[in-house]
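So the structure is just underneath, and the comments pick up after that.
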Amino acid sequence: MTDGIEAASRLYRAGRLTEAIDACRAVLAAEPGRFDALNLLGAALFSAGQDGAAREALREAVRADPGDAAALTNFSIVLQHRQEWPSAGRALRALAAVQPESASLYSRLGTVFQEMGDLDRAVRFLVRAARLDPRPSVQWYNLGLIGMLAGDFMAAVRDLRRALAIAPEGGLAYVQLGETLLRLGRLDKAAGVFRHALRLDPAASEAVNGLARCGRYRAAASAAQVSGMGAEMGLAIRGALASATGYGYFCQRFIRTLRQRAVPLQAIGITGPESWREEDLDPPVPAKALVNFLIPLAVERVPGLATVTFSMFEGTRIPPAWRRQCEHSDLIIVPTESSRVAWAAQGYPEDRLRVCPLGVDPEVSDGGVPAPTMVDPRGRLVSSYRHRFVNVSDFIPRKNIDGLLRVWLRSTARADDAVLILKLGKGTNPAFGAELGALVRRTEEAVGKRMADAAPVVLINQLLSDADMTGLLRAATHYWSMSHGEGWDLPLSKAGAMGLGLIAPRHSSYLDYLDERVARLIPAAVRPARLPYSEQAYPPFHGLDWWHPDEDAAADILTAIIRGDDTGPPSARDHLVRGFTWARAADRLLAILDDAGLR
Numbered sequence: 001m002t003d004g005i006e007a008a009s010r011l012y013r014a015g016r017l018t019e020a021i022d023a024c025r026a027v028l029a030a031e032p033g034r035f036d037a038l039n040l041l042g043a044a045l046f047s048a049g050q051d052g053a054a055r056e057a058l059r060e061a062v063r064a065d066p067g068d069a070a071a072l073t074n075f076s077i078v079l080q081h082r083q084e085w086p087s088a089g090r091a092l093r094a095l096a097a098v099q100p101e102s103a104s105l106y107s108r109l110g111t112v113f114q115e116m117g118d119l120d121r122a123v124r125f126l127v128r129a130a131r132l133d134p135r136p137s138v139q140w141y142n143l144g145l146i147g148m149l150a151g152d153f154m155a156a157v158r159d160l161r162r163a164l165a166i167a168p169e170g171g172l173a174y175v176q177l178g179e180t181l182l183r184l185g186r187l188d189k190a191a192g193v194f195r196h197a198l199r200l201d202p203a204a205s206e207a208v209n210g211l212a213r214c215g216r217y218r219a220a221a222s223a224a225q226v227s228g229m230g231a232e233m234g235l236a237i238r239g240a241l242a243s244a245t246g247y248g249y250f251c252q253r254f255i256r257t258l259r260q261r262a263v264p265l266q267a268i269g270i271t272g273p274e275s276w277r278e279e280d281l282d283p284p285v286p287a288k289a290l291v292n293f294l295i296p297l298a299v300e301r302v303p304g305l306a307t308v309t310f311s312m313f314e315g316t317r318i319p320p321a322w323r324r325q326c327e328h329s330d331l332i333i334v335p336t337e338s339s340r341v342a343w344a345a346q347g348y349p350e351d352r353l354r355v356c357p358l359g360v361d362p363e364v365s366d367g368g369v370p371a372p373t374m375v376d377p378r379g380r381l382v383s384s385y386r387h388r389f390v391n392v393s394d395f396i397p398r399k400n401i402d403g404l405l406r407v408w409l410r411s412t413a414r415a416d417d418a419v420l421i422l423k424l425g426k427g428t429n430p431a432f433g434a435e436l437g438a439l440v441r442r443t444e445e446a447v448g449k450r451m452a453d454a455a456p457v458v459l460i461n462q463l464l465s466d467a468d469m470t471g472l473l474r475a476a477t478h479y480w481s482m483s484h485g486e487g488w489d490l491p492l493s494k495a496g497a498m499g500l501g502l503i504a505p506r507h508s509s510y511l512d513y514l515d516e517r518v519a520r521l522i523p524a525a526v527r528p529a530r531l532p533y534s535e536q537a538y539p540p541f542h543g544l545d546w547w548h549p550d551e552d553a554a555a556d557i558l559t560a561i562i563r564g565d566d567t568g569p570p571s572a573r574d575h576l577v578r579g580f581t582w583a584r585a586a587d588r589l590l591a592i593l594d595d596a597g598l599r
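Below is the structure:
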């Protein structure tokens, strides 16, 4: 059948993919398992957009000849395209045994391990690539970028400078270098780098923003020099001043509450130019610390000011990269004991850790915002259902939407007087519909039941204002979470302050503000953080654990509520409103800073 393979190869090279595929299959029908036919078939199928079939053909080719470089290369390309990162990593490492001097191969390995969230191994592979072939600037740029993400800022600066020495026209590398220098507190050098980037590209917004931050930081450092000279001491704060994220929300709530206490504040946005919208908080104030309401990677240092990072984490321990990124923080403040343990479990010094609980919003929750008029997929008013469950989540694996839907399918029937209001994402993900559809299909297969045979689900996928969010929560009777871990569940705590019944897993931050007296708690077990229906790690939690709520127990809770067999614990409203106010949170924050001599 040599003539058959040659004919198939000619068809493939000519772009006649359907005919090439048929020719390969004819060869394989006569000679099952023939290596060259399998390899060519896989390449042709992939070129024709049939990546699933290509994967199977190439897997058989690699089994037939595990050391063939062409088959391993094709197989790894298909696996990367399908984002099967662990399998792609294994194929590439097998290829490295055959081609140990290939710099491009080790660059690909670095990319694959970055996608998996294993930043330390990504760095090692990229270092190998750069040593094998130090000439391309992209080798050093990629190494600098991953080094920054991994928290090795000094190495990142060195590698980015090397990239620029090779390709001095690289405007993006200058921006990345400037941002890395800011993380080290080198304002003057960062400003020079940003200015150079603007000479290369006057429209580079990241360089404009970087220069703006340099200016704001210099002003804050100058104001800090009057500390102790009779000036009224205040705080410099950096965070998301106009963001719909959780970090943005609690940063904004702290600023408002501190202003009510007449604490002098300077508010610096994440990018730099943005201002606090409610009043002029741009002018610098005498301060001893810059308080960052940000994840550790986004924290930048200001000479002359202590660095305070107010952050949180949702697993049993923080990633190693976070540990390194926090090295320059004088204090880490977290909202719950579970986050404090997560930092300590990764070896962060406990004498630099403090706990400051967040607040809830009774003043907002008590407002007269009406519930929106919603109709379920069957045309029935949501307000007409007796049991109305709500969940507000980003559409990410940590929120365990697959687990929530499995429990909903198992515990409800079409005729039940119940509805689930599912608020997912902010309407900014163009692939949302396809991704949710795929998750729903996998869930229906796992449970053996269609969504149409369960109680209805009302889906909301758009950005809501604070007032609209209050109205949405007002439309429900229960707030229900199946999350794998929370640093602080702001929607749930707000729902509890509004008097909704609470159903939450017994883990992470929930244990700091809920117990069986005021909420239905679902038992949970610690397990590795995986993607839904996969053994592949969730990249931000690579090598880490989170919690898995007991789905049997959750189904029992929902079933008992819907049948009327469970009246549940008293409302958590009084417990949350009295125990977790923003006034108390602000007082605790100030006390922490005072105790550390940072105010």
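Going by full-length UniProt numbering, the sequence shown opens with residue 1, and the numbers climb by one from there.
Even glycine gets a Cβ: it sits at the ideal position worked out from N, Cα and C.
Near residue i, which residues of its chain fall below 6 Å by C-beta distance, leaving aside the five closest residues on each side in sequence?
| i | result |
| --- | --- |
| Phe541 | Gly315 and Ala529 |
| Val518 | Pro569, Ala572 and His575 |
| Glu115 | Trp85 |
| Glu300 | Leu182 and Arg183 |
| Ala344 | Glu350 |
| Ala155 | Gly147 |
Pull up the distance between the alpha-carbon of residue i and that of residue j, whole angstroms please.
| i | j | result |
| --- | --- | --- |
| Arg195 | Gly110 | 31 Å |
| Leu41 | Ala57 | 7 Å |
| Ala48 | Lys423 | 38 Å |
| Ile592 | Arg131 | 47 Å |
| Leu490 | Arg527 | 24 Å |
| Leu265 | Ser465 | 25 Å |
| Gly496 | Arg520 | 12 Å |
| Pro357 | Val334 | 8 Å |
| Gly269 | Arg216 | 10 Å |
| Gly234 | Asp512 | 29 Å |
| Ser384 | Gly471 | 16 Å |
| Arg441 | Gln462 | 22 Å |
| Leu164 | Val127 | 17 Å |
| Thr309 | Val285 | 19 Å |
| Ala91 | Asn74 | 10 Å |
| Gly144 | Leu160 | 5 Å |
| Arg238 | Ala267 | 6 Å |
| Gly178 | Leu294 | 19 Å |
| Ser137 | Leu149 | 19 Å |
| Asp595 | Gly117 | 37 Å |
| Arg256 | Arg218 | 25 Å |
| Arg55 | Gly89 | 15 Å |
Only counting the same chain, and skipping five residues up and downstream in sequence, which positions put a Cβ closer than 7 Å to that of residue i?
| i | result |
| --- | --- |
| Thr477 | His387, Arg388, Leu500 and Gly501 |
| Leu11 | Glu19, Ala20 and Ala23 |
| Arg317 | Ala342, Ala345, Gln346 and Leu544 |
| Asp366 | In this prediction, Asp366 scores a pLDDT of 49, lower than 50, which makes its location untrustworthy; the coordinate-derived value is nonetheless stated afterwards. Correct list: empty, nothing qualifies. |
Hey, out of the options, whose CA is closest to residue i's CA?
| i | options | result |
| --- | --- | --- |
| Gly336 | Val360, Pro349, Ser311 and Ser329 | Per the sequence presented here, residue 336 reads as Thr, with Gly not at that position. Checked all of Val360, Pro349, Ser311 and Ser329; the closest Cα to Thr336 is Ser311. |
| Arg578 | Lys494, Arg261, Gln99 and Arg82 | Lys494 |
| Asp376 | Gln346, Gly359 and Arg414 | Arg414 |
| Ala554 | Ala504, Ala583 and Cys326 | Ala504 |
| Ile77 | Ala44, Ala64, Cys326 and Pro100 | Ala44 |
| Trp546 | Ile557, Glu278, Asp282 and Ser483 | Ser483 |
| Asp65 | Gly33, Val208 and Arg317 | Gly33 |
| Val27 | Leu149, Glu6 and Glu101 | Glu6 |
| Val407 | Pro539, Asp201, Ala321 and Gly448 | Gly448 |
| Ile332 | Ser338, Ala197 and Glu350 | Glu350 |
| Ile421 | Ala475, Met451 and Thr412 | Ala475 |
| Leu589 | Leu290, Gly272 and Thr428 | Leu290 |
| Arg135 | Ala103, Phe153, Met148 and Gly147 | Ala103 |
| Arg259 | Trp582, Ser137 and Ala431 | Trp582 |
| Phe35 | Val355, Val62 and Val112 | Val62 |
Determine the extent of the beta strand (DSSP E) in which residue i is found, giving its start and end residues.
| i | result |
| --- | --- |
| Phe310 | Ala306 to Phe310 |
| Gln139 | No beta strand (DSSP E) holds Gln139; the alpha helix (DSSP H) holding it covers Ser137 to Leu149. |
| Lys423 | Ala418 to Leu424 |
| Val390 | His387 to Ser393 |
| Arg527 | Ala524 to Pro528 |
For the putative contact between residue i and residue j, defined by C-beta atoms under 8 Å, what is the C-beta separation to the nearest angstrom?
| i | j | result |
| --- | --- | --- |
| Pro303 | Gly403 | Not quite, the Cβ-Cβ distance comes to about 47 Å (not below 8 Å), so this is no contact. |
| Leu38 | Glu60 | 5 Å |
| Ala242 | Arg277 | 6 Å |
| Arg93 | Asp51 | Actually they do not touch by this definition, with Cβ atoms about 21 Å apart. |
Tell me which same chain residues have a C-beta within less than 8 Å of the C-beta of residue i, skipping the five on either side of it?
| i | result |
| --- | --- |
| Leu381 | Thr373, Met374 and Val375 |
| Leu198 | Ala204, Ala207, Val208 and Leu211 |
Give a yes or no on whether 9 Å exceeds the smallest Cβ distance from residue i to chain B.
| i | result |
| --- | --- |
| Arg588 | Among the chains of the structure shown, chain B does not appear; only one protein chain is present. |
Can you name the start and end residues of the alpha helix (DSSP H) that residue i belongs to?
| i | result |
| --- | --- |
| Ala267 | Note, Ala267: premise wrong, no alpha helix (DSSP H); beta strand (DSSP E) at Leu265 to Gly269. |
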